[in-house]
Amino acid sequence: MAADPSTLAPLDLTRIRQDFPILSRQIRGRPLAYLDNGASAQRPRAVIEAESDYYQQHHANVHRGVHTLSQEATDLFEGAREKIRRFLNAASPREIVFVRGTTEAINLVAQSWGRPRLVPGDEIVITWLEHHANIVPWQQLCEQTGAALKVVPIDQRGVVDFDAYLAMLGPRTRMVAIAHVSNALGTVLPVEQFIAAARERGITTLVDGAQAVPHQRVDMQSIGCDFYAFSGHKLYGPTGIGVLYGREAELSAMPPWQGGGDMILTVSFERTTYNALPYKFEAGTPNIAGAIGLGAAVDYVEGIGLERIARHEADLLAYATERLGAIPGLLIIGTAPEKASLVSFVVEGIHPHDLGTILDAEGIAIRTGHHCAMPVMDFFGVPATARASFAFYNTRAEIDALVASLGHAREMLG
Ligand code: PLP
130 MAADPSTLAP LDLTRIRQDF PILSRQIRGR PLAYLDNGAS AQRPRAVIEA
180 ESDYYQQHHA NVHRGVHTLS QEATDLFEGA REKIRRFLNA ASPREIVFVR
230 GTTEAINLVA QSWGRPRLVP GDEIVITWLE HHANIVPWQQ LCEQTGAALK
280 VVPIDQRGVV DFDAYLAMLG PRTRMVAIAH VSNALGTVLP VEQFIAAARE
330 RGITTLVDGA QAVPHQRVDM QSIGCDFYAF SGHKLYGPTG IGVLYGREAE
380 LSAMPPWQGG GDMILTVSFE RTTYNALPYK FEAGTPNIAG AIGLGAAVDY
430 VEGIGLERIA RHEADLLAYA TERLGAIPGL LIIGTAPEKA SLVSFVVEGI
480 HPHDLGTILD AEGIAIRTGH HCAMPVMDFF GVPATARASF AFYNTRAEID
530 ALVASLGHAR EMLG
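FYI, in the numbering used here the residues of the sequence shown are 130 to 543.
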């Protein structure tokens, strides 16, 4: 049962911020206000030290050695997998595949699940607000198999049209692949509802959770999807590591994606037999340090509590929406009632890239551009937006600094 937010202890931000060495940096002589967490979050010392300790004390290749270091490395690596299984409430560590990130996870599913089984006339349903990582692999799969891509529309708030979605699910729909949270708009999709409708019709489902896992508890049993993908670096973990959760029955029925060491049981020139799950999908030496670092990130986030994180971030979102919304000429893009803690916006007469440059001169890091979601930009008729995306270590004072800096930009260029 979800905790009552009003009973949760507030975050001790002074202490928390001390856990992140980079947050005390000065940028161009000003204190850093890091508001680009949607692109990549910062790492707490616990993650940096877990990786460093692994390299200093335990490094060897995993799974293959009888010597002590190899066993220690294997225990740490598999221990991280178990932490992630618990974090996602997956049924078994066999359902946790380490990959490079969300992008690789989705490509793995498109190629291993989709390529051998889709035929011309089959359909894949995505939504208008997807990141390119949840568009392009499916387009490539369509080119390879003759399947067709169907796109569920959004409205002017950035909410996905559920009725249009239902109407799009047909006898040829084989896959529904949807974001949990939009990186460009912040919209939180009611994924349980979307997935249930697909499953009732026997359709396989994938959720792109890249922007969800840092902000809310995600539970594979209640979401009910077949696949769920996320990246370590947005969850305060290392870059180059991510997770594909796959329901065991689905993963078992899929051929390996890449061939090589670790994913085999036996190899002869006549025939190769494949390893058990999840190793069948982990060809070659994995990112051992990355997985261990990601395990440490999960421990760190759990230590703070996702419910407390969500409450603090909801406060930041409300405050930022109010303060930014009061700036003349500033238009917020993405006003869904359920949003994660990010605000995309444009300012009349100022290109987002110019805004980003002026803000950087005052120590404020935001993202400007199309956010790898060009169809969203087309929908709203803008080439780019500025985006401030918040983590639990951000403060109202940083939002005040952002607002002040936007004021300076308007004086200079507006
Ligand atoms: N999906 C969403 C919603 C994202 O925001 C991102 C990254 O911004 C990705 C997928 C791709 O993640 P990665 O580049 O870590 O593979």
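Beta carbons: idealized from backbone N, C-alpha and C, even for Gly.
Cβ separation of residue i and residue j, assumed to be a contact under 8 Å, to the nearest whole Å
{"i": "A590", "j": "G388", "result": "Within the shown structure, residues of the chain are numbered from 130 to 543, placing residue 590 beyond reach of any answer."}
{"i": "D428", "j": "K279", "result": "No, D428 and K279 are not in contact; Cβ-Cβ is about 40 Å, not under 8 Å."}
{"i": "P362", "j": "S169", "result": "A small correction: the amino acid at residue 362 is His; Pro does not occupy that position in the sequence shown. Going by Cβ atoms, the distance from H362 to S169 rounds to 5 Å, so yes, they are a contact pair."}
{"i": "T316", "j": "G510", "result": "With a Cβ gap of about 18 Å, T316 and G510 do not count as contacting."}
{"i": "A308", "j": "H260", "result": "7 Å"}
{"i": "I461", "j": "S534", "result": "Incorrect: roughly 17 Å between the Cβ atoms, too far for contact."}
{"i": "V254", "j": "T302", "result": "6 Å"}
{"i": "I370", "j": "F519", "result": "Their Cβ separation, rounded to whole angstroms, is 23 Å, which puts I370 and F519 out of contact at 8 Å."}
{"i": "L364", "j": "P343", "result": "5 Å"}
{"i": "H500", "j": "N312", "result": "6 Å"}
Own chain residues within Cβ distance below 7 Å of residue i, not counting five before or after
{"i": "A277", "result": "E252, C271"}
{"i": "A293", "result": "V281, P282"}
{"i": "M130", "result": "Any answer about M130 is weak, because its pLDDT of 45 lies below 50 and its placement is not dependable; what the coordinates show is given next. Nothing meets the Cβ criterion."}
{"i": "Y403", "result": "P385, M392, I393, L394, K409"}
{"i": "A425", "result": "A175, V176, A179"}
{"i": "T136", "result": "none"}
{"i": "Y163", "result": "L152, Q171, A494"}
{"i": "R244", "result": "L270, Q273, T274"}
{"i": "I352", "result": "V320, E321, I324, V336"}
Closest by C-alpha distance to residue i, when choosing among the options
{"i": "F410", "options": "I324, Q186, S397, I393", "result": "I393"}
{"i": "V238", "options": "V532, L380, S534", "result": "L380"}
{"i": "E491", "options": "V476, S470, E527, A326", "result": "E527"}
{"i": "G366", "options": "G419, V396, L406", "result": "G419"}
{"i": "R246", "options": "A378, P481, M383", "result": "M383"}
{"i": "L453", "options": "V532, I487, G287", "result": "V532"}
{"i": "V505", "options": "Y448, Y163, Q285", "result": "Q285"}
{"i": "A502", "options": "Y183, P222, N263, R157", "result": "N263"}
{"i": "A306", "options": "A189, G287, A313, R328", "result": "R328"}
{"i": "W242", "options": "W257, M304, N190, D489", "result": "M304"}
{"i": "A138", "options": "T401, G434, H499", "result": "G434"}
{"i": "E431", "options": "G498, Y184, R346, L298", "result": "R346"}
{"i": "T450", "options": "L373, L314, V372, A209", "result": "L314"}
{"i": "T143", "options": "T524, R539, A530", "result": "T524"}
{"i": "L258", "options": "G250, V289, Q268, W267", "result": "V289"}
{"i": "I225", "options": "Q240, R159, A405", "result": "A405"}
{"i": "R214", "options": "L423, N312, Q268, F398", "result": "L423"}
{"i": "A455", "options": "G536, L295, H499, W267", "result": "G536"}
{"i": "I421", "options": "D529, Y183, N312", "result": "Y183"}
{"i": "G194", "options": "Q240, L445, T414, Q350", "result": "T414"}
{"i": "G158", "options": "D489, P457, M297", "result": "D489"}
{"i": "L445", "options": "D507, D529, P457", "result": "D529"}
{"i": "L484", "options": "R539, D507, A443", "result": "R539"}
{"i": "F508", "options": "R330, H196, H480, T256", "result": "T256"}
{"i": "P407", "options": "R400, A378, T401, S397", "result": "A378"}
{"i": "Q350", "options": "G498, A220, N190", "result": "A220"}
Same chain, Cβ closer than 8 Å to residue i, five either side skipped, listed in chain order
{"i": "D348", "result": "L217, N218"}
{"i": "V248", "result": "T274, G275, A276"}
{"i": "H187", "result": "L198, E201, A202, L205"}
{"i": "M541", "result": "I487"}
{"i": "A416", "result": "Note that residue 416 is Asn in the sequence shown here, rather than Ala. Excluding residues within five positions, the ones whose Cβ falls inside 8 Å are F227, R229, P367, G369, I370."}
{"i": "L140", "result": "I433, R437, I438, H441, F521"}
{"i": "P150", "result": "R174, I177"}
{"i": "L459", "result": "L453, F474, V475, V476, E477, L535"}
{"i": "Q240", "result": "P266, L270, W386"}
Own chain partners of residue i with C-beta closer than 6 Å, once the 5 adjacent residues on each side are dropped
{"i": "V310", "result": "V317, Q340, A341, A469"}
{"i": "D148", "result": "P173, R174"}
{"i": "R496", "result": "D165, A168, R516"}
{"i": "T368", "result": "H362"}
{"i": "R146", "result": "L152, Y522"}
{"i": "C354", "result": "I324, T334, V336"}
{"i": "G287", "result": "L314, T316, G463, A465"}
{"i": "L161", "result": "R154, G492"}
{"i": "I332", "result": "T302, V305"}
Exercise. Indicate whether the contact test is met: 3 or more Cβ pairs, each with one atom in the region 201-214 and one in the region 271-285, closer than 8 Å.
Key: No: fewer than three Cβ pairs fall under 8 Å.
Practice problem: Take every Cβ of the region 432-447, pair it with every Cβ of the region 505-514, and state whether three or more of those distances are shorter than 8 Å. | Solution: With a cut-off of 8 Å, the region 505-514 and the region 432-447 do not count as touching, because too few Cβ pairs lie within range.
Quiz item: Does the region 350-368 touch the region 227-234, meaning 3 or more C-beta pairs lie closer than 8 Å?
Solution: Verdict: yes, contact present.
Quiz item: Using 8 Å as the threshold, is the region 323-336 in touch with the region 465-475, meaning 3 or more CB pairs across them?
Solution: By the Cβ rule, the region 323-336 does not count as touching the region 465-475, because fewer than three pairs are nearer than 8 Å.
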